[in-house]
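Protein sequence lines correspond, in order, to chains A and B. All residue numbers for the first sequence refer to this note's numbering, where the first residue is 251 and numbers rise by one. All residue numbers for the second sequence refer to this note's numbering, where the first residue is 33 and numbers rise by one.
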Amino acid sequence: MNNSTNSTMSRVEKTLARRYRAEKRFRVYGLLSILFGLACLAILFTDIISKGHSAFLQTRIQLTVELDPEELEIDDPTDPDQIRGGYYQGVIRDALAERFPEVDGRSAKRALNALVSDGAVYQLQDELRDDPALLGQEVSLWLLADDDVDTYVKSRREGQAFAGMLGEDQVQWIESLIASDDLRTQLNTTFFTASDSREPEQAGIAGAALGSLLTLLVTLVLSFPIGVAAAIYLEEYAPKNRVTELIEVNINNLAAVPSIIFGLLGLAIFINWFGMPRSVPLVGGLVLTLMTLPTIIISSRAAIKSVPPSIREAALGIGASRMQMVLHHVLPLAMPGMLTGTIIGMAQALGETAPLLMIGMVAFIVDLPAGVTDPATVLPVQIFLWSDSPERAFVERTSAAIMVLLAFLILMNTLAIWLRKRLERRW
Amino acid sequence: MNFSTIFAIVVLMIGLGYLLGRGRSVQLAGQIGGVRHLNSLPFYYGALIALWCAIPSLLIFMGWIVFDDIIIRSMVVAELPAQYQQMSAAEQSLLVNSLENIAAGVHFGEPEPALQEAANRLLSLQTASRWSLAGVVISTALAALVIGWTRMSPQYKARVHVETVFKGLLLTSSLIAIFTTVGIVLSVLFEALRFFRAVPFTEFVFGLEWSPQTAIRADQVGSSGAFGAVPLFVGTLVISAIAMLVAVPTGLMSAIYLSEYASRRVRAWVKPALEVLAGIPTVVYGFFAALTVAPFVRNLGEAMGLDVSSESALAAGVVMGVMIIPFVSSLSDDVISAVPQSMRDGSLALGATRSETVKQVIVPAALPGIVGGVLLAVSRAIGETMIVVMAAGLAANLTANPLETVTTVTVQIVTLLVGDQEFNSPKTLAAFALGLMLFVITLCLNFLALHVVKKYREQYE
């Protein structure tokens with residue numbers, strides 16, 4: 251007896267150090283895994299922010315522009331048609347020529363004119379429309395710079411000037427503008443007010459954000475009532491039979507079907523069979539509805555399940571019908587949980603790209619969509635489109651659009667968490 | 033009269049129906065001595081008439097919107113001169129678009145008289161359709177109002193009827209899940225079958241060559257299109273395997289650490305932080321993979337003297353793995369937490385260290401759940417689209433080398449279907465065949481996962 255205890259003890263002592271080392275190692279592996287995950291998160295965020303923060307600033311060039319009526323071909327500045335048709339390019343060129351009188355020759359002049367964005371003409375147009383008295387006067391304006399200038403100025407500030415497509419003389423002109431304080435960076439409002447454009451300095455996310463909003467609206471209007479109704483049926487009404495089982499299996503499976511398959515469904519059924527138009531938020535919303543329904547149904551069912559049966563029994567006991575019991579008692583109590591699930595489903599839908607590519611929401615669209623049947627794109631697809639563009643100025647805009655998208659997602663998820671903490675009751 | 037006006041009128045009539053029904057029931061009740069003599073509350077009489085108004089007229093309205101375009105188009109095309117009749121379906125749809133433009137007055141120069149005539153016809157048919165829709169819908173609603181009004185009596189069991197309709201609506205909503213599945217299967221299957229008529233199934237599943245570019249003109253040289261999907265399957269497998277190699281160990285170890293070692297406070301902070309990874313849109317991961325990870329992997333490979341492609345499977349796979357970490361960890365966390373505390377206590381009381389408890393007691397007990405979670409994660413990796421579209425390549429190389437470019441099933445579906453397409457070429461239909469494969473494989477994985485979880489789950493208590 252004593253002998254065997256001794257031998258066990260000696261075995262334990264012999265291996266104890268090794269076992270403790272294994273224990274420590276195991277713990278370190280766990281810690282490393284977590285740190286790896288968190289590090290990836292941190293790297294992702296810093297990478298996006300460091301690439302994208304500069305897109306919120308935009309370089310502008312100060313020029314003294316003479317709004318010469320003859321050059322502009324405008325005689326009546328109150329006539330909107332004339333304002334729209336004015337030849338603004340000419341006065342901008344003149345202003346540049348005046349600022350750099352030493353520039354001579356066609357190609358040199360063209361290089362000089364390239365410093366200012368094509369979008370500057372709209373700026374002049376707006377100025378003149380707002381204040382017709384400016385016609386014939388000299389005004390000093392901060393005009394939108396071309397994206398190459400923008401990239402150069404921003405990269406120069408960070409210590410590594412990136413000239414890219416700019417020629418040597420163009421760089422010299424920029425330096426001279428910087429030296430005379432005629433070049434500055436200011437808040438990039440274009441990014442938030444404009445739609446897509448081929449020119450990075452004129453491109454913005456307004457169109458895509460509006461498209462996302464419209465698509466989400468369609469999704470919400472369809473998926474919330476349908477999801478809640480389905481959850482109520484399955485929890486409160488459904489008899490235990492084959493059909494119910496089939497529905498449940500289907501919902502669980504749809505939750506795990508790859509999102510691109512829903513895009514194929516939308517393309518084949520909504521667009522090809524029903525002849526709905528391509529690239530519109532309505533079809534996008536329909537596809538995303540089918541995709542988010544399982545999420546909403548599953549979380550709504552959980553919310554309904556958490557309402558204690560005593561409340562149901564009390565309602566039925568005082569003579570309420572089943573519908574009254576559900577609508578007056580169960581539904582209000584389960585609502586916070588349902589809303590939380592719906593917001594999470596909507597956040598998923600907001601970030602979804604693949605099914606929308608299938609139904610043609612990848613088109614290049616310059617106009618703001620006016621309704622759910624207007625062609626539109628959405629934020630994630632805009633990110634996808636811009637990330638394909640070779641210009642360096644688009645990289646920072648892509649990152650900035652990602653920052654906006656992530657901000658919306660964080661907002662929605664915080665709202666869901668807040669709602670859950672605030673309104674959910676524990677029984 | 034446009035659709036929204038008609039819709040507004042119908043909604044108004046539904047509201048009117050509610051008020052009328054309610055008012056009528058109160059009036060009837062007044063004659064027999066108060067509302068308590070009614071079978072149901074006045075609300076239900078109003079609601080019943082409103083439902084009678086709403087359901088038939090809204091169904092007609094929706095059906096009309098869906099089908100009137102198709103019918104009008106075919107009527108207009110049928111009247112066109114013979115030269116237009118012989119056009120392909122795609123050309124005809126373009127033609128109808130231009131007719132709509134002509135009808136709206138947007139055209140350059142003077143359109144052909146035949147087209148102008150057709151455009152006029154289109155316009156008049158559209159107007160006629162709207163007016164007849166308005167007539168049909170409004171008279172249906174009106175008829176419902178009248179019938180409801182005449183049939184109403186104090187003994188009428190309005191509540192029972194309203195509740196039947198309510199239950200019917202709930203059932204319909206939950207049947208949408210079945211309709212969606214059926215819709216997916218039908219849409220994918222039909223197009224895939226059309227594809228298999230052009231390309232034999234065996235060639236698709238066993239062929240080693242994938243180059244879907246078919247010749248646009250008949251006289252074009254070369255590229256007749258090859259639809260052997262094996263390179264795509266291999267590419268998908270390579271990238272998913274890399275993703276799993278990243279996600280399964282880290283996800284599982286994170287879950288174990290969080291549930292067995294971490295203090296309550298650490299857990300409360302770290303768990304949501306890891307879940308953020310799951311909430312980031314895949315397009316963001318794709319951007320990150322293409323612009324940051326892929327160049328990094330390439331430079332690292334060059335520093336080690338390896339030749340790494342700039343669209344290597346490694347970069348896409350690693351980033352996909354990072355995306356899946358929280359998926360694996362939260363599923364494993366659930367099953368690990370479900371292992372009863374008494375088993376841990378028993379093991380610790382026998383003198384086992386914590387890691388031994390985890391390895392020899394907890395993980396075996398939770399294994400079915402973990403395996404199920406991993407299978408779900410695999411199905412997720414196979415179906416993931418944006419990361420591979422942005423970071424993996426298009427070239428269908430048959431290779432298992434993670435440093436080379438491979439392409440996946442989802443990438444090919446996207447490239448085949450994005451942009452202009454005609455719906456009859458095998459190139460477009462191939463995307464649906466790939467979609468069918470994807471659907472079937474993920475479905476099998478999901479079923480397998482559920483089966484494993486159900487069959488091998490240890491029953492405690």
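Every residue gets a Cβ at the ideal spot worked out from N, C-alpha and C, and that includes glycine. Given the structure is predicted, the values throughout are model-derived calculations rather than measurements.
Shown here for A:Gly516: same chain residues with a beta carbon closer than 7 Å to its own, the five before and five after excluded, namely Val533, Leu536, Val537, Pro605, Met608 and Ile609 in chain order. A straight line joining the alpha-carbon of A:Gly569 with that of A:Met596 spans about 38 Å. With the rule of 3 Cβ pairs closer than 8 Å, the segment 443-450 of chain B does not count as touching the segment 343-350 of chain B. The DSSP-derived three-state label of B:Ser206 is helix.
Under the three-state reduction of DSSP output, A:Ser390 falls in the strand class. In this structure, B:Val410 lies near B:Met276, with their beta-carbon atoms less than 8 Å apart. Identification of residues in the segment 534-547 of chain A having a C-beta nearer than 8 Å to some C-beta of chain B yields Leu540, Leu543, Pro544 and Ile547, given in sequence order. Across the set B:Asp100, B:Ile368, B:Ala175 and B:Tyr488, the C-alpha of B:Ile368 shows the shortest separation from the C-alpha of B:Val393. Considering only beta carbons, the part of the segment 92-106 of chain B lying closer than 9 Å to chain A consists of Val98, Phe99, Asp101, Ile102 and Arg105, in chain order.
Distance from the CA of B:Leu309 to the CA of B:Thr474, rounded to the nearest whole angstrom, comes to 23 Å. Shown here, A:Leu307 sits in a strand according to DSSP, grouped into three states. At a cut-off of 8 Å between beta carbons, B:Ala110 makes no contact with chain A. As summarised for the segment 259-334 of chain A, the continuous beta strand (DSSP E) elements at least 3 residues long and confined to that stretch are 307-316, given in chain order.
Collapsing the DSSP output to three states places A:Ala657 in a helix. When the alpha-carbon of A:Trp523 is set against those of B:Glu223, B:Cys85 and B:Val194, the nearest one is in B:Glu223.
In the DSSP assignment, B:Phe265 is bridged to no other residue.
Residue range Pro145 to Arg183 is occupied by the alpha helix (DSSP H) that includes B:Thr159. Secondary structure note for B:Leu363: its alpha helix (DSSP H) is the uninterrupted segment Ala345 to Ala370. Distance from the CA of B:Lys189 to the CA of B:Ala160, rounded to the nearest whole angstrom, comes to 41 Å. Residue contact with chain A for B:Met45: absent (no Cβ-Cβ distance below 8 Å to any residue of chain A).
Classified as buried, B:Ser291 has 16 or more neighbouring CB atoms from the shown chains inside 10 Å of its CB.
Put simply, the segment 356-370 of chain A does not touch the segment 320-337 of chain A. Fewer than three CB pairs are less than 8 Å apart. Residues of chain A whose Cβ lies closer than 7 Å to the Cβ of B:Arg191 are, in chain order, Ser571. The criterion of a C-beta distance shorter than 8 Å is not satisfied by B:Ile271 and B:Val108. In terms of Cβ geometry, B:Met422 and B:Gly318 form a close pair [threshold 8 Å]. Within the same chain, Cβ atoms closer than 7 Å to the Cβ of A:Ala413 are found at Tyr402 and Val421, the five residues on either side in sequence being excluded. From the listed residues B:Ala463, B:Val438, B:Asp377 and B:Asn429, the smallest Cα separation to A:Ala518 is found for B:Ala463. Look at B:Thr213: its C-beta is under 8 Å from a C-beta on chain A.
Contact check for B:Leu240 and B:Pro263: beta-carbon distance about 7 Å, within the 8 Å limit, so the pair qualifies.
Taking a cut-off of 8 Å on C-beta distances, the segment 167-180 of chain B does not touch the segment 146-154 of chain B, as fewer than three cross pairs fall below it. With respect to B:Leu470, B:Val438 sits apart: the two C-beta atoms are not nearer than 8 Å. B:Val360 is a Cβ neighbour of B:Val280, given a cutoff of 8 Å. The beta carbon of B:Asn478 sits closer than 8 Å to some beta carbon of chain A. Separation of the CB atoms of A:Glu316 and A:Gly340 is rounded to 10 Å, and the pair is thereby denied contact status at 8 Å.
Listed as beta-bridge partners of A:Val366 by DSSP are A:Ala395. For the segment 638-660 of chain A, the residues whose beta carbon sits under 8 Å from a beta carbon of chain B are, in order, Val645, Thr648, Ser649, Ile652, Leu655, Leu656 and Leu659.
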